[in-house]
Amino acid sequence: MPLSATSIMARERLIAAAAELIATRGVRSVTARTLADITGQSASAVNYHFEGREGLLAATFDAAAAEASAWRVG
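All the letters of the sequence shown, read from the start, carry residue numbers 17 to 90 under this note's numbering.
Structure below.
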């Protein structure tokens, strides 16, 4: 089943918040509670959208790698 626009936006907000936390405070600072506070989503949103913290971190690093690759090529 394709993701809804709302779900896609929620995932993108979580990835952006995780990237900002990693950049400013390090990987250990990325917790469901911290992300919930930053994004206004529930703490369970990380598990719902990414099947846990590791999935969110993987998606965050994948997004950063894709952005760096696009910057390098473009």
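Built from N, CA and C at the ideal position, the CB exists for glycine as well. Keep in mind the model is a prediction, meaning the values are calculated, not measured.
- In its chain, beyond the 5 residues on either side, A48, R49 and A52 have a beta carbon closer than 6 Å to the beta carbon of A59.
- Excluding five sequence positions before and after T22, none of the CB atoms of its chain fall closer than 7 Å to its own CB.
- Note on the segment 28-82: whole alpha helix (DSSP H) runs with a minimum of 4 residues are 48-55 and 61-66, in chain order.
- The alpha-carbon separation between E67 and R88 amounts to approximately 31 Å.
- Under a 10 Å Cβ-count criterion, V46 is classified as buried, with 16 or more other Cβ atoms of the shown protein chains found around its own Cβ.
- Excluding the 5 residues flanking it on each side, T55 has same chain C-beta neighbours closer than 7 Å at R29, L30 and A33, in chain order.
- The beta carbon of R69 lies closer than 8 Å to those of V46, T47, A48 and V62 in the same chain, with the five residues before and after it left out.
- Cβ atoms of A35 and T76 come within 8 Å of each other, at about 5 Å.
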